[in-house]
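Taken in order, the sequence shown gives residues 17 to 154; the numbers are from the numbering used here.
For glycine and all other residues, C-beta sits at the position ideal for the given N, C-alpha and C.
Structure record follows, encoded as structure tokens.
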Amino acid sequence: MEEKKYKNPAPTVDIIIETESKGRRGIVLIKRKNPPYGWAIPGGFVDYGETLENAAVREAKEETSLDVELIRQFHAYSDPARDTRQHTISTVFIAKASGEPEGKDDAAEARIFRFDEIPSDMAFDHRKILEDFFTAKY
Numbered sequence: 017m018e019e020k021k022y023k024n025p026a027p028t029v030d031i032i033i034e035t036e037s038k039g040r041r042g043i044v045l046i047k048r049k050n051p052p053y054g055w056a057i058p059g060g061f062v063d064y065g066e067t068l069e070n071a072a073v074r075e076a077k078e079e080t081s082l083d084v085e086l087i088r089q090f091h092a093y094s095d096p097a098r099d100t101r102q103h104t105i106s107t108v109f110i111a112k113a114s115g116e117p118e119g120k121d122d123a124a125e126a127r128i129f130r131f132d133e134i135p136s137d138m139a140f141d142h143r144k145i146l147e148d149f150f151t152a153k154y
């Protein structure tokens, strides 16, 4: 009997980090060092044996140098076309942090943005995620 090989989407996390630093309040976005290029919500792949929550905290620290407090899970995004490299399913978290973000790991830069400043060159489906977030919030 032939063995079936299953191909599954890869689990990822994205973290909408609300913060304030030097009187500037907003959310943290990173500028990606690697393709696909553009600005993105901090996040990445879940490691084997890791919880979604631990992956979110780890990825936030790796990419922004911020220690985050997870507030809640927001939504899951699963469009097979959301990442051109492979099919991913992202669980998005909302988190709070304080301090000035600094781009680390595969983030060339990390900055605080207000809703009306969201860059036009967003990677993945992150513009839609942020639109959903700001619509739900206000």
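May I ask you to list the residues that DSSP assigns as paired with Thr-107?
Val-29, Ala-92
The region 70-82 in contact with the region 26-44 per 3-pair CB rule at 8 Å:
yes
At the level of alpha carbons, what is the spacing between Arg-98 and Ile-33?
21 Å
Where Ile-145 falls: helix, strand or coil (DSSP)
helix
Residue from Thr-35, Thr-107, His-103, Thr-100 with nearest C-alpha to Tyr-93:
Thr-107
Proximity winner among Met-138, Ala-124, Leu-146, relative to Glu-79 (alpha-carbon distances)
Ala-124
Could you tell me the alpha carbon to alpha carbon distance between Asp-95 and Glu-133, rounded to whole angstroms?
26 Å
Tell me whether Ala-152 is buried or exposed, calling it buried when 16 or more other Cβ atoms sit within 10 Å of its Cβ.
exposed
Reduced DSSP category for Phe-140 - H, G, I as helix; E, B as strand; rest coil:
coil
Cβ-Cβ distance between Leu-45 and Ala-111 below 9 Å
no
Short Cβ contact (9 Å threshold) for Arg-48 with Ala-139
yes
Could you tell me which of Ala-113, Arg-101, Glu-116 sits nearest to Asn-50, measuring between CA atoms?
Arg-101
If you compare alpha carbons, which of Glu-69, Tyr-53, Val-62 is closest to Ser-136?
Tyr-53
Length of the line joining the Cα atoms of Ala-56 and Ile-145:
10 Å
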